[in-house]
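2 protein chains.
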Amino acid sequence: MAEDVGKKLKATRTAFGLSQRELAKRAGVTNGMVSLIEQGRVSPSVGSLQKILSAFPLTLAEFFTRDLSSQEEVVFRAADQPDMGTGGIEFRLVAATRRDRAMSILNEVYEPGADTGSDLLTHSGEEGGVIVAGELELTVAGKTWTLSKGDSYYFDSRL
Amino acid sequence: MAEDVGKKLKATRTAFGLSQRELAKRAGVTNGMVSLIEQGRVSPSVGSLQKILSAFPLTLAEFFTRDLSSQEEVVFRAADQPDMGTGGIEFRLVAATRRDRAMSILNEVYEPGADTGSDLLTHSGEEGGVIVAGELELTVAGKTWTLSKGDSYYFDSRL
DNA sequence: CCCAACTGTCTATTTTATTGAACAGCGGAT
DNA sequence: ATCCGCTGTTCAATAAAATAGACAGTTGGG
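Line by line, the protein sequences are chains A and B.
Counting with the working numbering, you get residues 22 to 180 for the letters of the first sequence.
Counting with the working numbering, you get residues 22 to 180 for the letters of the second sequence.
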C-alpha cells in the first residue's frame with residue numbers, strides 16, 4: 022500500500038462535493054467501481070482512473086501530486102477555486118484541494134433576479150469564508166495573511 | 022490518447038538503459054506485459070504500473086509529471102543522474118529524464134584495477150559529455166552555463 | 001556456419017477489473 | 001406509518017489485464 026489510490030480518490034471526491042454515483046455518471050463508469058476502488062479492493066487501470074479524474078477535472082499528474090503540495094493549507098487563492106455552477110449561477114468550491122474536509126463552502130455569485138433555495142453552509146468544528154470586497158487581515162495559529170477580493174480562508178476552529 | 026502511458030513508459034525505460042525483460046525482472050512482472058503496455062494495447066492497473074516504476078525507482082507522481090518539467094533540458098546536475106552500476110564500478114546515466122533519446126551517455130568511475138570492455142559511446146546526431154575535473158563554460162543555442170565537477174551536458178548537435 | 005544470448009512480439013490460459021443490478025441504511029416529505 | 005430519493009456496498013456475469021511460454025530477428029563469438 023505504498024500509494025493508496027482508493028483513499029486519495031475518496032478524499033478528492035469528497036473535496037469536490039460529489040457522491041459516488043454522481044462522480045460515476047460524470048466519468049462514464051459505474052458507481053460500484055468507484056466504491057470498490059475507494060475501498061482498495063481493486064486496482065483500477067490507468068485508463069479507468071483517467072476517465073474518473075476527467076470528471077473533476079484533474080489530470081493523472083495533478084492527482085498523484087495532490088497531497089504533497091497542499092496538505093495543510095489555510096489560504097486558497099481565487100484561481101484555485103473550481104467552478105461547480107451551471108448557467109447564470111457561479112459556484113466556486115473553497116479548499117477543494119484539501120483532503121478529508123468535514124464541510125463544504127461555496128462562493129456563490131447570482132445574476133440579478135436569480136433565486137437561492139436552501140442554506141448550504143453548515144457548521145461542524147471548522148470555519149471558512151470568502152472576501153467579497155476590500156481587504157482582510159487574517160491570523161490563524163500565529164500566521165497572518167492579507168486577503169483581497171476573491172481570496173478565501175479555511176482552518177480548523179480549534180486553532 | 023490523452024495521456025499515452027505506453028510511450029511514456031518506453032521513453033522512461035530506454036532513458037534508464039533497460040530492456041523490457043530486465044525491467045520486468047526487476048519489477049516482478051512479465052516481459053510480455055511491458056511490451057503490451059508500451060504498445061498501448063492494454064491499460065495497466067495502477068498497481069502494476071506502480072510495481073514497474075518501483076524498478077527505476079520512480080513514484081507515480083514523478084512518472085506522470087516527468088515530461089512537463091524536463092522536456093527540453095540541456096544541463097543535468099550531478100544529483101539528477103541515476104546510478105546504473107554494480108559493485109566497484111559506478112555508472113551514472115546522463116539525461117535520464119529526457120524522453121526519446123537517440124543515444125546513451127554514461128559517467129563511469131572505476132576502482133583502481135577495474136577493467137573496461139567495450140566502447141559505450143556511439144555518435145548519432147546528438148552530443149553529450151561529463152565534466153571530470155575543473156570548470157567549463159558551455160554555450161548552446163545562445164544560452165551559457167558554467168559546469169563544475171560532476172555536472173554534464175546534452176544537446177542536439179544541430180543547435 | 002552454427003550456437004548462445006539477447007532483443008521485442010505474439011498466443012492461450014489464468015487472474016483480475018468492470019459491469020449491471022441487486023441490496024440495506026438513512027433523512028425528509030406525505 | 002409509507003414512500004421517495006439519495007447514500008454506499010455487494011454479488012454474478014462479462015470484459016479486460018496479467019501470466020507463462022513459444023516465436024522470429026539480431027548481435028557477437030567459436
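Note that CB positions come from ideal geometry on N, CA and C, so glycine has one too.
Query	Result
Using a Cβ cut-off of 9 Å, which residues of the region 52-85 of chain B contact any Cβ in chain A, in chain order?	V63, S64, P65, S66, V67, G68, S69, L70, Q71, S75, T80, L81, A82, E83, F84, F85
Identify the residues that DSSP records as bridge partners of S66 (chain A): which are they?	B:S66
Sorted by chain position, which residues of the same chain lie with C-beta nearer than 7 Å to E24 (chain A)'s C-beta, five sequence neighbours on each side aside?	none
Within the same chain, show all residues whose beta-carbon is closer than 8 Å to that of Q41 (chain A), passing over the 5 residues directly before and after it, in chain order.	R34, N52, V55, S56, E59
Return the CA-CA distance between F37 (chain A) and A48 (chain B), expressed in angstroms with no decimal places.	35 Å
Between A:V26, A:F85, A:V67, which lies nearest to R62 (chain B) when the distance is taken from Cα to Cα?	A:V67
Using the C-alpha atoms, what's the distance from K31 (chain A) back to Q71 (chain A)?	15 Å
Determine the closest residue to L39 (chain A) out of A:E83, A:P78, A:S64, with distance taken between C-alpha atoms.	A:P78
Just curious, the alpha helix (DSSP H) that F84 (chain A) is in, first and last residue?	81-85
Give the range of the alpha helix (DSSP H) segment to which S4 (chain A) is assigned.	Given that chain A is displayed from residue 22 to residue 180, the structure contains no residue 4 (chain A) and the question cannot be resolved.
Tell me which residues share the same chain as S75 (chain A) and place their Cβ nearer than 7 Å to its Cβ, disregarding the 5 neighbours each side in the sequence.	A48
Under 8 Å between the Cβ atoms of A45 (chain B) and T86 (chain A)?	no
Take the Cβ of G27 (chain B) as the centre, count every other Cβ of all protein chains shown within 10 Å, and call the residue buried at 16 or more, exposed below.	buried
Which residue comes first and which comes last in the alpha helix (DSSP H) that contains L39 (chain A)?	No alpha helix (DSSP H) contains L39 (chain A), which DSSP labels as neither H nor E.
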